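K.L.:
Those sequence lines, one after another, are chains A and B.
Position 99 of the first sequence, counted from 1, bears residue number 122 in this note's numbering, the numbering being contiguous throughout.
Position 204 of the second sequence, counted from 1, bears residue number 227 in this note's numbering, the numbering being contiguous throughout.
C-beta: ideal position from N, C-alpha, C; glycine also.
The structure presented is a predicted model; accordingly, all values stated were derived computationally and were not measured.
Right, I'll just put the structure down here and ask away after.
Protein chains: 2
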Amino acid sequence: MHNPIALQEIIEKAISQISYPNQPKKLYDPIQYIMNLGGKRIRPILVLMSAELFNDNLTPVIDAALAIETFHNFTLIHDDIMDNAPLRRGEKTVHEIWGTNNAILSGDVMMVEANKHLAKLDSAVLKDALETFNTTAQGVCEGQQLDMEFEQRDDVTIAEYIEMIRLKTAVLLGGAMKLGAQVAGANAQQTELIYQYGESLGIAFQLQDDILDVYGNPEKFGKQVGGDIIANKKTFLMLTALQLISPEEKKEMFKNYATEAEKIKHVTELYNKYKIEELANKEAERYIQIANHSLNSLPVLEERKVELKQLTQQLLNRSY
Amino acid sequence: MHNPIALQEIIEKAISQISYPNQPKKLYDPIQYIMNLGGKRIRPILVLMSAELFNDNLTPVIDAALAIETFHNFTLIHDDIMDNAPLRRGEKTVHEIWGTNNAILSGDVMMVEANKHLAKLDSAVLKDALETFNTTAQGVCEGQQLDMEFEQRDDVTIAEYIEMIRLKTAVLLGGAMKLGAQVAGANAQQTELIYQYGESLGIAFQLQDDILDVYGNPEKFGKQVGGDIIANKKTFLMLTALQLISPEEKKEMFKNYATEAEKIKHVTELYNKYKIEELANKEAERYIQIANHSLNSLPVLEERKVELKQLTQQLLNRSY
Numbered sequence: 024m025h026n027p028i029a030l031q032e033i034i035e036k037a038i039s040q041i042s043y044p045n046q047p048k049k050l051y052d053p054i055q056y057i058m059n060l061g062g063k064r065i066r067p068i069l070v071l072m073s074a075e076l077f078n079d080n081l082t083p084v085i086d087a088a089l090a091i092e093t094f095h096n097f098t099l100i101h102d103d104i105m106d107n108a109p110l111r112r113g114e115k116t117v118h119e120i121w122g123t124n125n126a127i128l129s130g131d132v133m134m135v136e137a138n139k140h141l142a143k144l145d146s147a148v149l150k151d152a153l154e155t156f157n158t159t160a161q162g163v164c165e166g167q168q169l170d171m172e173f174e175q176r177d178d179v180t181i182a183e184y185i186e187m188i189r190l191k192t193a194v195l196l197g198g199a200m201k202l203g204a205q206v207a208g209a210n211a212q213q214t215e216l217i218y219q220y221g222e223s224l225g226i227a228f229q230l231q232d233d234i235l236d237v238y239g240n241p242e243k244f245g246k247q248v249g250g251d252i253i254a255n256k257k258t259f260l261m262l263t264a265l266q267l268i269s270p271e272e273k274k275e276m277f278k279n280y281a282t283e284a285e286k287i288k289h290v291t292e293l294y295n296k297y298k299i300e301e302l303a304n305k306e307a308e309r310y311i312q313i314a315n316h317s318l319n320s321l322p323v324l325e326e327r328k329v330e331l332k333q334l335t336q337q338l339l340n341r342s343y
Numbered sequence: 024m025h026n027p028i029a030l031q032e033i034i035e036k037a038i039s040q041i042s043y044p045n046q047p048k049k050l051y052d053p054i055q056y057i058m059n060l061g062g063k064r065i066r067p068i069l070v071l072m073s074a075e076l077f078n079d080n081l082t083p084v085i086d087a088a089l090a091i092e093t094f095h096n097f098t099l100i101h102d103d104i105m106d107n108a109p110l111r112r113g114e115k116t117v118h119e120i121w122g123t124n125n126a127i128l129s130g131d132v133m134m135v136e137a138n139k140h141l142a143k144l145d146s147a148v149l150k151d152a153l154e155t156f157n158t159t160a161q162g163v164c165e166g167q168q169l170d171m172e173f174e175q176r177d178d179v180t181i182a183e184y185i186e187m188i189r190l191k192t193a194v195l196l197g198g199a200m201k202l203g204a205q206v207a208g209a210n211a212q213q214t215e216l217i218y219q220y221g222e223s224l225g226i227a228f229q230l231q232d233d234i235l236d237v238y239g240n241p242e243k244f245g246k247q248v249g250g251d252i253i254a255n256k257k258t259f260l261m262l263t264a265l266q267l268i269s270p271e272e273k274k275e276m277f278k279n280y281a282t283e284a285e286k287i288k289h290v291t292e293l294y295n296k297y298k299i300e301e302l303a304n305k306e307a308e309r310y311i312q313i314a315n316h317s318l319n320s321l322p323v324l325e326e327r328k329v330e331l332k333q334l335t336q337q338l339l340n341r342s343y
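Okay, structure coming up:
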């Protein structure tokens, strides 16, 4: 059993050993660039951790981890185009450096690269792995589509929002863990439980992100606190508040503010008045409970679950 | 053995039976739209024809044909964004109707759909099929990248141009035929020969397209005759002419013309003076020879090759 740091090292080493073609340079340089922008490598770590629940031999699982990480980075390139984002992890986005057309095409070829990693898996698990990977990839695309559509809508329900973050974020965590388990030889019941675990964890994780965006410690959060409020983003907090506040407060919420800081302050006060943080935390805890229930139900020796339980505690205890 | 019309009917029926998810509608409507814009279905027909060289049972090959056609249509959506093209087969392009972001994402999920078709193949052939498909997809992306880069360059050589059309167009024809053969149970030597056949045919086909763009019968060609000349496109004809014409003629070629018709007339006269059509035809014939040599070398009963030989003659005798 490896701890997350050891697993991350395995992944970083594997990524550094991927060899992309040299030409056309503008097609492959963006792939090198985004794959080496860093990040916590949570998804491929989860692939490996899930595999280690069932099997000590990680060698055959590396390709699955690389497929997931490559796919994830491909979605970042294309999402950044769609979101018109200038920065990713503090650095220029691919389309900012190479242009939109180039970013589209490099993303496309990255999807092929992800599939190439996957195609290296053993024939005995290949079919199941492809099924998991394709279902996951499709869900992520659907989630991004819903996210874009929600920006244009004023009647998004909380249930729709949860479904959107399930698809956009949580399906990939669940899919990563299911894939790791399948490659490690887990049976269908086991892979289903680990999928449920990952997906529920993913939803809790995203809800926490929504909370941290408002209540996070600016020094530790890494993004601008209040960013979602400024962007009028329909997060779980916003949608819950909209159900509770008075019409006058709603009008007040969306008025023009003199400064961004004033808007953040005012909306946060409204959130406080209606205990939105507490409600959001309760919802996150509900998903953590589902996640823990799935992991506890998994017929695997408790000692094999230790690292995974620690990592998830760590992820979920991100500091405010 | 089926003739191309019968095969096209099989493909149209299979396409009509694909069921995409209903939601999100804006994600899947573009897929329905582009898949039903028509077209000659050359690539999936080639998948099936290639399979019929080796095996009478087409049922297991349909998924491979659908994977190829879905992938091809995905590239059309993304290429049309990159080329800023308003029309595709006489109808509005996907990004014109649904917007660029939506077109990017629908294309992405189409790539997943292509992989889902592929993943249905029998486990015995799956690994080889994935290898062929991924190599093909990667080549097509590289070809599109080179095509975009060549627009910005003034020193493209004829050899570079041939390599670009090989990747952008011919690799997919070769890959389609290799895939069909693999699924039908052909051995490695056979699949390599049929790949060579398809790739060489694809290069010849594109060279013919270059010729038809200048010398085609406007009523039969389907596109504006002279379009490449107006766009200063670096086709085989243009690159060959640039090697032969005098510096004065080159200056004359790129001067400002009063009308597009005048430019087309003048450049065509230059092409005529230097027998560019004949030179291009010779190059196309060279690739047809290579294609025929590959097909003749294929250890398969001659009677099984009849339909394929007829189709390719038909494709290559497109009227001027």
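List the residues of chain B whose Cβ lies closer than 8 Å to the Cβ of methionine 105 of chain A, in chain order.
P.N.:
Within chain B, the residues near methionine 105 of chain A are Asn124, Ile127, Leu128.
K.L.:
Assuming glycine 203 of chain A and alanine 90 of chain A make a contact with CB atoms under 8 Å, what is their CB distance in whole Å?
P.N.:
About 11 Å; that fails the 8 Å criterion.
K.L.:
Any idea which residues DSSP pairs lysine 115 of chain A with across the strands?
P.N.:
The partner list for lysine 115 of chain A (beta bridge, DSSP) reads A/Leu110.
K.L.:
Are the C-beta atoms of aspartate 232 of chain A and some chain B residue less than 9 Å apart?
P.N.:
False, the Cβ-Cβ gap to chain B never drops below 9 Å.
K.L.:
Note down, in chain order, every chain B residue with its Cβ under 8 Å from the Cβ of alanine 199 of chain A.
P.N.:
The contacting residues do not exist; alanine 199 of chain A stays about 16 Å from chain B at best.
K.L.:
What's the gap between the Cα of aspartate 82 of chain A and the Cα of proline 241 of chain A?
P.N.:
Inspection of the sequence shows that residue 82 of chain A is occupied by threonine rather than by aspartate. Distance between the alpha carbons of threonine 82 of chain A and proline 241 of chain A is about 40 Å.
K.L.:
What three-state label does DSSP hand methionine 58 of chain B in the structure shown?
P.N.:
Note: methionine 58 of chain B maps to helix in three-state DSSP.
K.L.:
Taking contact to mean at least 3 C-beta pairs separated by less than 8 Å, is the segment 96 to 106 of chain B in contact with the segment 66 to 73 of chain B?
P.N.:
No contact exists between the segment 96 to 106 of chain B and the segment 66 to 73 of chain B.
K.L.:
Helix or strand or just coil, what does DSSP make of alanine 264 of chain A?
P.N.:
Correct three-state label for alanine 264 of chain A: helix.
K.L.:
Going by Cα to Cα distance, which pick from B/Gly166, B/Gln40, B/Lys150, B/Ile311 is closest to glutamine 205 of chain B?
P.N.:
Taking only the C-alpha atoms, the option nearest glutamine 205 of chain B is B/Lys150.
K.L.:
Kindly list the residues whose CB is nearer than 6 Å to the CB of threonine 263 of chain A, restricted to its own chain and excluding five residues on each side of it in sequence; keep chain order.
P.N.:
Excluding positions up to five away in sequence, the list reads Ile299, Leu302.
K.L.:
Could you list which residues in chain B have their beta carbon closer than 8 Å to that of lysine 150 of chain A, in chain order?
P.N.:
Ala142, Ser146, Leu149, listed in chain order.
K.L.:
Any chance you could list the alpha helix (DSSP H) runs of at least 4 consecutive residues sitting entirely within the segment 219 to 299 of chain B, in chain order?
P.N.:
DSSP runs (the alpha helix (DSSP H)) wholly in the segment 219 to 299 of chain B: 241 to 244, 250 to 253, 259 to 267, 270 to 276, 283 to 296.
K.L.:
Taking all protein chains shown into account, do 16 or more other C-beta atoms lie within 10 angstroms of the C-beta of threonine 192 of chain B, making it buried, or fewer, making it exposed?
P.N.:
Classification of threonine 192 of chain B: buried, given that the 10 Å Cβ count is 16 or more.
K.L.:
Identify the contact partners of alanine 160 of chain A in chain B, using a Cβ-Cβ distance below 7 Å as the criterion.
P.N.:
Under the 7 Å cutoff, chain B gives Val135.
K.L.:
Would you mind telling me which residues of chain B sit closer than 7 Å to proline 47 of chain A, beta carbon to beta carbon, in chain order?
P.N.:
Those within 7 Å of proline 47 of chain A in chain B are Glu165, Gln168, Leu169, Glu172.
K.L.:
Is it true that the CB of lysine 328 of chain B sits closer than 9 Å to the CB of leucine 76 of chain B?
P.N.:
Yes, they are a contact pair.
K.L.:
Where does the unbroken alpha helix (DSSP H) through glycine 162 of chain A begin, and where does it stop?
P.N.:
Segment 146 to 174, the alpha helix (DSSP H) holding glycine 162 of chain A.
K.L.:
If you measure beta-carbon to beta-carbon, which residues of the segment 48 to 76 of chain A are closer than 7 Å to chain B?
P.N.:
Those residues of the segment 48 to 76 of chain A that come within reach of chain B (Cβ to Cβ, closer than 7 Å) are Lys49, Leu50.
K.L.:
Report yes or no: is there a C-beta of chain B within less than 9 Å of the C-beta of valine 132 of chain A?
P.N.:
Yes, contact with chain B.
K.L.:
With three or more C-beta pairs closer than 8 Å as the rule, is the segment 113 to 121 of chain B touching the segment 230 to 241 of chain B?
P.N.:
Result no; under three Cβ-Cβ pairs closer than 8 Å.
K.L.:
List, in chain order, every chain A residue whose beta-carbon is nearer than 8 Å to that of asparagine 157 of chain B.
P.N.:
Those are Val135, Asn138, Lys139, Ala142, listed as they occur along chain A.
K.L.:
Buried or exposed: aspartate 17 of chain B, going by 16 or more other Cβ atoms within 10 Å of its Cβ?
P.N.:
With chain B running from 24 to 343 in the structure shown, residue 17 of chain B is simply not present.
K.L.:
Can you give me the C-alpha to C-alpha distance between alanine 137 of chain A and glutamine 167 of chain B, rounded to a whole angstrom?
P.N.:
Each residue's alpha carbon lies about 19 Å from the other.
K.L.:
Any residues in the segment 88 to 121 of chain A with a beta carbon nearer than 7 Å to a beta carbon of chain B? Which ones, in chain order?
P.N.:
Within the segment 88 to 121 of chain A, the residues whose Cβ lies closer than 7 Å to some Cβ of chain B are His101, Ile104, Met105, listed in chain order.
K.L.:
Can the beta-carbon of serine 73 of chain B be found less than 9 Å from the beta-carbon of glycine 221 of chain B?
P.N.:
Going by C-beta atoms, serine 73 of chain B is nearer than 9 Å to glycine 221 of chain B.
K.L.:
Find the residues of chain B that neighbour leucine 153 of chain A, judging by a C-beta separation of less than 9 Å, and give them in chain order.
P.N.:
Here the neighbours are Asn138, Lys139, Leu141, Ala142, Leu149, Leu153.
K.L.:
Does any residue of chain B have a CB that is nearer than 9 Å to the CB of proline 322 of chain A?
P.N.:
Proline 322 of chain A does not count as touching chain B.
K.L.:
Contact between the segment 181 to 196 of chain A and the segment 167 to 176 of chain B: three or more CB pairs below 8 Å?
P.N.:
Flag = no, the segment 181 to 196 of chain A and the segment 167 to 176 of chain B do not touch.
K.L.:
Under 9 Å, Cβ to Cβ, is there at least one residue of chain B near proline 83 of chain A?
P.N.:
Chain B contact via Cβ: absent.
K.L.:
CB phenylalanine 259 of chain B to CB glutamate 292 of chain B, shorter than 9 Å?
P.N.:
No.
K.L.:
Check serine 317 of chain B in the structure and name its three-state DSSP category.
P.N.:
Residue state, collapsed to three classes: helix.
K.L.:
Report yes or no: do the segment 155 to 169 of chain A and the segment 125 to 144 of chain B share at least 3 C-beta pairs separated by less than 8 Å?
P.N.:
Flag = yes, the segment 155 to 169 of chain A and the segment 125 to 144 of chain B touch.
K.L.:
Below 8 Å on the Cβ atoms is my guess for arginine 112 of chain B versus leucine 60 of chain B; work out the distance and round it to an integer in Å.
P.N.:
Their Cβ separation, rounded to whole angstroms, is 5 Å, which keeps arginine 112 of chain B and leucine 60 of chain B in contact under 8 Å.
K.L.:
Can you give the Cα-Cα distance for glutamine 266 of chain B and phenylalanine 228 of chain B, rounded to whole angstroms?
P.N.:
One C-alpha to the other measures close to 23 Å.
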